[in-house]
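In my numbering, the protein residues as written are 89 to 603.
Heads up, the beta-carbon is just placed ideally off N, CA and C, and yes, glycines get one too.
Model, not experiment: these values are computed from the prediction.
Just below is one structure, and these are the notes that go with it.
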């Protein structure tokens, strides 16, 4: 949660909407692993503001400087990506600047560009300052990869597979075609809603439209896989890197969702094919270039490139350390119970736990003269029970709590004043649950406190560190070097793509997380 976010309100549940189920679903969706997506944009939303110039790996002699912007001049789609680029940066925490890392990626993109089916197209790669695992493309050659994804990758070939997949989306015009499909579906949906939505035929037509779009998106992903793997192989990289990284992402997704309720509808309408299908097809395409292990992986160079890269949240967003959230800029901290998983998003801090329990924490500005009781009843949360309002003290801080109900969920709402800010805890629990929402909420809100100056000065961001295994080292011994994260042995295996029973090898380099 960024410090600037406390100036805005995030939870605006309308009265009478039954926000419980909606809140729980939103919390679960926000904590799930985001997959690759090609972002469709509106042609009417094209800005004239030029994007920053990036020079480097783009090849070829020219009278004017060889920059991404100059090479874009003959690309009619470049204005689309250029107009959306600032919005992408704002959404994903800005660009992550690291010359060593940028040069590593430039080398990979340069090899891929040399064997692309469209050698006239220029590409711009931006590392997004986000811990989420994601990569996507915009029309005009704009490629994006998060540092969260780069932390999960283990060699240049895996990153090449990801970037080649995104380049395939660009060369195949998937973003433009998807936008056209969505616009057509929107028009058809309006007609169906106005004419047929009252009967079963209308509902069936709407469902078919959604499924057709989802199927189209899945087909695009498979097509991009095929094109990308062939491009990766032609560039000399290990053609099996795509299937290897797909497995790694699937393992990471299961690790992240260990305590989250599964929603089969999300899988059914997901924009990506199921992992087993994608892996099988990726391996089939890889075999066209020979057996596994024959292509370049360039592991050592890649690991050197990500050495010291930030891992997890930045100081601006605050830090998650195990079950605690600490924000040095805001000077606050709180903890969640055992078996809860914290996710620090741009809008709020979310936590999910056993029994479909969900917690949301955020902040808003509030005048010091305003009453907390008046604020909690001001309409930003629906279904509030006025008789449940209680004035409290959390340490030396003034607080007010109340109960609310909506749909199949019950809520505890606690607001805490710190100067001119109010921090808000919202705890949601299924109404049929045996657990008490008040007990969980009291534990979490009761842990809220102000950080001391000494504590704030000691907080440092986590970074990827590369270590070499020595004789006698084990997964457990190397995992002990990981700080700030629970389930360290599992995380070590995920970061280094080790099977459950696979041992470390003396002399091999591995990733750990340290300050």
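Proximity of residue i and residue j at Cβ, strictly below 8 Å
{"i": "residue 223", "j": "residue 250", "result": "yes"}
{"i": "residue 464", "j": "residue 488", "result": "yes"}
{"i": "residue 410", "j": "residue 181", "result": "no"}
{"i": "residue 452", "j": "residue 501", "result": "no"}
{"i": "residue 363", "j": "residue 334", "result": "yes"}
{"i": "residue 449", "j": "residue 434", "result": "no"}
{"i": "residue 226", "j": "residue 169", "result": "yes"}
{"i": "residue 316", "j": "residue 252", "result": "yes"}
{"i": "residue 236", "j": "residue 221", "result": "yes"}
{"i": "residue 203", "j": "residue 322", "result": "yes"}
Backbone secondary structure at residue i - three-state DSSP
{"i": "residue 307", "result": "helix"}
{"i": "residue 151", "result": "Confidence in residue 151 is poor, its pLDDT being 38 and thus under 50, which makes the residue's placement unreliable; the coordinate value appears in the next sentence. Residue 151: coil per DSSP, three-state reduction."}
{"i": "residue 634", "result": "Residue numbering for the chain in the displayed model covers 89 to 603; residue 634 lies beyond these limits and cannot be assessed."}
{"i": "residue 510", "result": "strand"}
{"i": "residue 379", "result": "coil"}
{"i": "residue 477", "result": "strand"}
{"i": "residue 57", "result": "Since the first residue of the chain shown is 89 and the last is 603, residue 57 is not available in this structure."}
{"i": "residue 214", "result": "strand"}
{"i": "residue 193", "result": "helix"}
{"i": "residue 418", "result": "coil"}
{"i": "residue 338", "result": "helix"}
{"i": "residue 431", "result": "strand"}
{"i": "residue 450", "result": "strand"}
{"i": "residue 591", "result": "coil"}
{"i": "residue 502", "result": "strand"}
{"i": "residue 328", "result": "coil"}
{"i": "residue 129", "result": "Low per-residue confidence applies at residue 129: pLDDT is 31, beneath 50, and the placement is therefore not dependable, though the value from the model is reported in the following sentence. Three-state DSSP puts residue 129 in coil, outside helix and strand."}
{"i": "residue 359", "result": "With a pLDDT of 42 at residue 359, under the threshold of 50, the modelled position of this residue cannot be trusted; read the value that follows with caution. Coil, per DSSP."}
{"i": "residue 367", "result": "helix"}
{"i": "residue 171", "result": "helix"}
Proximity winner among the options, relative to residue i (alpha-carbon distances)
{"i": "residue 481", "options": "529, 534, 576 and 452", "result": "534"}
{"i": "residue 400", "options": "550, 326 and 586", "result": "550"}
{"i": "residue 413", "options": "237, 219, 536 and 248", "result": "536"}
{"i": "residue 329", "options": "234, 243 and 200", "result": "243"}
{"i": "residue 386", "options": "543, 187, 246 and 166", "result": "246"}
{"i": "residue 542", "options": "394, 380 and 420", "result": "420"}
{"i": "residue 611", "options": "582, 594 and 592", "result": "Shown here, the chain extends from 89 to 603; a query on residue 611 therefore has no answer."}
{"i": "residue 416", "options": "321, 540 and 516", "result": "540"}
{"i": "residue 234", "options": "444, 326, 397 and 515", "result": "397"}
{"i": "residue 238", "options": "256, 392 and 203", "result": "392"}
{"i": "residue 594", "options": "531, 565, 341 and 447", "result": "565"}
{"i": "residue 431", "options": "310, 446 and 174", "result": "446"}
{"i": "residue 310", "options": "215, 166, 257 and 342", "result": "257"}
Buried or exposed (CB count within 10 angstroms, at least 16 for buried), residue i
{"i": "residue 584", "result": "buried"}
{"i": "residue 560", "result": "exposed"}
{"i": "residue 548", "result": "exposed"}
{"i": "residue 212", "result": "buried"}
{"i": "residue 219", "result": "buried"}
{"i": "residue 307", "result": "exposed"}
{"i": "residue 382", "result": "exposed"}
{"i": "residue 525", "result": "buried"}
{"i": "residue 518", "result": "buried"}
{"i": "residue 48", "result": "The question about residue 48 has no answer, for the chain in this structure spans 89 to 603."}
{"i": "residue 190", "result": "buried"}
{"i": "residue 368", "result": "exposed"}
{"i": "residue 186", "result": "buried"}
{"i": "residue 374", "result": "buried"}
Could you tell me which uninterrupted alpha helix (DSSP H) segments, each at least 4 residues in length, are contained entirely in the stretch 231 to 265, listed from first to last along the chain?
-> The qualifying runs are 235 to 240 and 244 to 259.
Quick one: complete beta strand (DSSP E) runs, 3+ long, within the stretch 506 to 585?
-> 509 to 518 and 550 to 556
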